[in-house]
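Numbering (the working numbering), first residue to last: 4 to 188. For glycine and all other residues, C-beta sits at the position ideal for the given N, C-alpha and C. Model, not experiment: these values are computed from the prediction.
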Amino acid sequence: MAARTGRDNQRYNAVNQRLVAGCICHRPATKVRVEDSADADAFARAREDGVEVLMLNSKKGARVDGRDLIFPKGGWELDETASEAAARESMEEGGVAGTLSASEKTYEFVSRSRVKAGCAGDEAKCVAHVFTMEVKCEYETWPEEGERTRYWLSPDEAWRRCKHDWMRQALADHLADGFALEKKL
4 MAARTGRDNQ
14 RYNAVNQRLV
24 AGCICHRPAT
34 KVRVEDSADA
44 DAFARAREDG
54 VEVLMLNSKK
64 GARVDGRDLI
74 FPKGGWELDE
84 TASEAAARES
94 MEEGGVAGTL
104 SASEKTYEFV
114 SRSRVKAGCA
124 GDEAKCVAHV
134 FTMEVKCEYE
144 TWPEEGERTR
154 YWLSPDEAWR
164 RCKHDWMRQA
174 LADHLADGFA
184 LEKKL
């Protein structure tokens, strides 16, 4: 399977915001660390449940402050649902597959690439549709393995290492919902 590329088949909403989809992928922890976090109760439950979260390096490089990791996400294309796009991006970028939650949350963020392309105001924003995925399969090879490194982290460490504030909020929101594991697609 090759990663999809290009923006010819991308979805945009009525105000020309690019629509993207992604997942907060998780699995049972192999080792759990107790650390401080923003939402102490939600993060404590995740530690007690022994959850690890998948994060990936950004292709754009590391930051000095150590906040350099992202969750799998990318363009939601015209021939797929948001959940299909999220699952596809998780496979392409992170080499994982699993069970997606029915719980979908949306987040707006300013896209630096859209600003560089001359977009302003609402058109400079993207809308991310974020699901959780209980990982069932971790592939040895995947489309972006040469560009991405997988990091399985405690929720606390993932929160600290998130490159983007909106991803940090998505993690906290999905943790507060207990990853919505009772409602599967």
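Give the list of continuous alpha helix (DSSP H) stretches no shorter than 4 residues that lie fully inside the segment 72-155. Listed in chain order, they are 85-92, 115-119.
Could you tell me which residues DSSP pairs with H29 in its beta bridges? Taking the first residue of the sequence shown as position 1, residue 29 is located at position 26. Residue pairing for H29: DSSP places it in a beta bridge opposite V56, E137.
Helix, strand or coil for A161 per DSSP? Against the sequence shown, residue 161 aligns to sequence position 158. If DSSP states are grouped into helix, strand and coil, A161 belongs with the helices.
Would V138 and V99 be called neighbours here (beta carbons separated by less than 8 Å)? As a working mapping, residue 138 is identified with position 135 in the sequence shown. As a working mapping, residue 99 is identified with position 96 in the sequence shown. For V138 and V99, yes; Cβs fall inside 8 Å.
Take the Cβ of P31 as the centre, count every other Cβ of all protein chains shown within 10 Å, and call the residue buried at 16 or more, exposed below. Taking the sequence shown and counting its residues from 1, one reaches residue 31 at position 28. Flag for P31 reads exposed.
Take T109 and list the residues in its own chain whose beta-carbon comes closer than 8 Å to its own, dropping the five residues that flank it on each side. Numbered from its first residue, the sequence shown carries residue 109 at position 106. Contacts found: V130, A131, H132, V133.
Three or more beta-carbon pairs under 8 Å between the segment 91-98 and the segment 140-158, yes or no? Contact between the segment 91-98 and the segment 140-158 is present: 3 or more CB-CB pairs across the two stretches fall below 8 Å.
Three-state secondary structure (DSSP) of A17: Position 14 of the sequence shown, counted from the first residue, corresponds to residue 17. Coil, per DSSP.
Simplified DSSP state of E38, which is helix, strand or coil: Residue numbering aside, residue 38 sits at position 35 when the sequence shown is read from its first letter. Per-residue confidence for E38 stands at a pLDDT of 46, beneath the threshold of 50, marking its modelled position as unreliable; the derived number appears in the next sentence. E38: coil per DSSP, three-state reduction.
Whether P75 touches G25 by CB criterion (8 Å): Mapped onto the sequence shown, residue 75 falls at position 72. Mapped onto the sequence shown, residue 25 falls at position 22. For P75 and G25, yes; Cβs fall inside 8 Å.
Neighbourhood of K34 by C-beta, 6 Å cutoff - its chain only, sequence neighbours within 5 removed: Locating residue 34 in the sequence shown gives position 31, counting from the first residue. Any reading at K34 needs caution, since the residue's pLDDT is 44, under 50, leaving its predicted position unreliable; the model's value is listed next. The answer is none, since no qualifying residue turns up.
Stretch-stretch touch, CB-based, cutoff 8 Å, three pairs: the segment 114-127 with the segment 169-179: Between the segment 114-127 and the segment 169-179, the count of C-beta pairs closer than 8 Å stays below three; the two stretches do not touch.
Between L178 and M136, is the Cβ-Cβ spacing less than 8 Å? Start at 1 with the first residue of the sequence shown, and residue 178 comes out as number 175. Start at 1 with the first residue of the sequence shown, and residue 136 comes out as number 133. One thing to note: L178 has its Cβ no nearer than 8 Å to the Cβ of M136.
Within the same chain, show all residues whose beta-carbon is closer than 8 Å to that of D180, passing over the 5 residues directly before and after it, in chain order. Taking the sequence shown and counting its residues from 1, one reaches residue 180 at position 177. S106, listed in sequence order.
Contact under 8 Å by Cβ, L156 with W79: Numbered from 1 along the sequence shown, position 153 holds the residue referred to as residue 156. Numbered from 1 along the sequence shown, position 76 holds the residue referred to as residue 79. Not in contact: L156 and W79 (Cβ atoms no closer than 8 Å).
Quick one: what's A24 bridged to in DSSP? Residue 24 sits at position 21 when you count from the first residue of the sequence shown. Answer is G77, H132, bridged to A24.
By Cβ distance below 6 Å, which residues in the same chain neighbour I73 in space, the five residues on each side in sequence not counted? If you number the sequence shown from 1, residue 73 lands on position 70. The beta carbon of I73 sits closer than 6 Å to those of L59, S61, K166, all from its chain and outside the five residues before and after it, given in chain order.
Would you identify the three-state DSSP class for R171, choosing helix, strand or coil? Working through the sequence shown from its first residue, we reach residue 171 at position 168. Residue state for R171 is assigned as helix, using DSSP reduced to three classes.
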